[in-house]
Ligand code: PLP
């Protein structure tokens with residue numbers, strides 16, 4: 001974090017204040033506040049050179065995937081491959097001689113797959129491959145990937161850390177001074193840093209992060225239990241339920257299950273639309289992690305740009321609704337879900 005503020009693209013005192021906060025949240029030596037979650041990703045990806053390979057988890061935020069496939073791969077001649085990282089033996093086999101970066105989300109957006117950060121970090125030890133964990137869904141309240149062996153943590157601060165759906169921002173946290181210098185060079189050159197005013201908004205939001213996450217999580221657990229046994233629900237995915245295949249792994253690396261729920265209704269697009277149209281407190285919107293509860297349809301919204309074959313493999317089907325549980329009254333939210341389901 002610069003100590004001399006001679007030009008605001010390179011740094012400003014309010015951004016530096018936020019960066020100190022972000023570093024402490026992830027127990028990191030250094031942090032950067034970026035102009036969006038995607039700007040944080042782009043800053044990291046600019047460490048790559050022509051011919052390098054990025055090993056990316058298969059279920060990743062649609063925007064990250066779009067950047068990798070549509071910009072980085074064709075324009076910068078970077079190889080991209082996407083895999084399920086559950087099987088560590090298979091994971092090791094997917095490493096190539098030119099692999100420079102491994103990109104991980106856990107729980108993933110949108111299907112909430114869970115991966116073992118520690119095992120993945122151990123598998124990469126000594127290879128020189130940087131492990132980046134997008135910790136947006138888990139939040140720093142619940143998971144600190146640097147403590148589990150990651151090299152860089154990335155956040156869309158637009159979500160839980162900002163927390164009020166009124167700012168677009170991103171964060172990077174790390175421990176290595178050498179990496180810090182390389183990333184700072186990219187950030188100040190490309191102008192991917194956050195403005196002073198937006199930094200101030202994120203600082204204000206960050207003060208209530210822990211209480212917001214815990215309240216939302218309490219409701220999410222109640223909602224997940226309610227939905228899991230509902231007759232109109234085909235499948236319910238929530239890392240806090242024992243039915244989740246990654247339940248034990250998530251528990252071992254996270255202090256809480258989070259407040260994102262993947263809901264698969266019996267039926268298809270018609271049923272998903274009827275459910276979404278009848279929600280009154282949950283608002284139809286693409287974002288997540290704010291004080292207000294949101295619902296969205298990944299297949300036609302956040303993940304519409306993911307190729308149809310890939311969506312099919314991942315299970316991003318037409319009957320899938322993603323819920324971001326907010327901090328409104330628990331009973332009101334449960335009643336809203338029950339009412340919308342009754343109209344399906
Ligand atoms: N990472 C994850 C997991 C996300 O869900 C998003 C956005 O939804 C991003 C990164 C990108 O963040 P931003 O919209 O702040 O650029």
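In this note's numbering, the protein residues as written are 1 to 344.
Note that the Cβ used here is the ideal one computed from N, Cα and C, for glycine as well.
DSSP state of residue i mapped onto helix, strand, coil
i	result
residue 168	coil
residue 152	strand
residue 283	strand
residue 47	coil
residue 130	strand
residue 273	helix
residue 114	coil
residue 122	helix
residue 56	strand
residue 251	helix
residue 106	coil
residue 381	Within the shown structure, residues of the chain are numbered from 1 to 344, placing residue 381 beyond reach of any answer.
residue 80	strand
residue 241	coil
residue 223	helix
residue 34	strand
residue 27	coil
residue 163	coil
residue 4	coil
residue 99	strand
residue 205	helix
Contact test: residue i Cβ vs the ligand PLP heavy atom, cutoff 7 Å
i	result
residue 180	no
residue 36	yes
residue 156	yes
residue 142	no
residue 139	no
residue 105	yes
residue 192	no
residue 166	no
residue 170	yes
residue 256	no
residue 61	yes
residue 353	A query on residue 353 cannot be resolved here, the shown segment of the chain reaching from 1 to 344 and no further.
residue 134	yes
residue 64	yes
residue 109	yes
Proximal residues to residue i (C-beta, below 7 Å), its chain only, five neighbours per side dropped
i	result
residue 290	163, 164, 165, 326
residue 41	64, 67, 154
residue 188	9, 10
residue 222	330, 334
residue 267	319
Rounded straight-line distance, which links the Cα of residue j to that of residue i
i	j	result
residue 138	residue 254	8 Å
residue 296	residue 287	8 Å
residue 142	residue 258	8 Å
residue 233	residue 271	10 Å
residue 171	residue 109	17 Å
residue 298	residue 6	43 Å
residue 183	residue 4	18 Å
residue 147	residue 115	15 Å
residue 309	residue 37	26 Å
residue 251	residue 160	20 Å
residue 322	residue 316	10 Å
residue 135	residue 94	23 Å
residue 205	residue 174	22 Å
Any non-hydrogen atom of the ligand MG closer than 7 Å to residue i Cβ
i	result
residue 30	Looking at this structure, you won't find the ligand MG anywhere; what it does contain is the ligand PLP.
Neighbourhood of residue i by C-beta distance below 6 Å, restricted to the same chain and skipping five residues each side
i	result
residue 73	80
residue 96	53
residue 241	224
residue 25	140
residue 246	114
residue 228	236
Same chain only: Cβ atoms within 8 Å of residue i, ignoring 5 sequence neighbours per side
i	result
residue 132	44, 101, 102, 103, 104, 150, 151, 152, 153, 154
residue 48	54, 72, 76, 78, 100, 101
residue 218	330
| field | Completely contained beta strand (DSSP E) runs for the region 285 to 338, where each covers 3 or more residues | value | Restricting attention to beta strand (DSSP E) runs no shorter than 3 residues, the region 285 to 338 encloses them at 294 to 296, 320 to 324, ordered along the chain.
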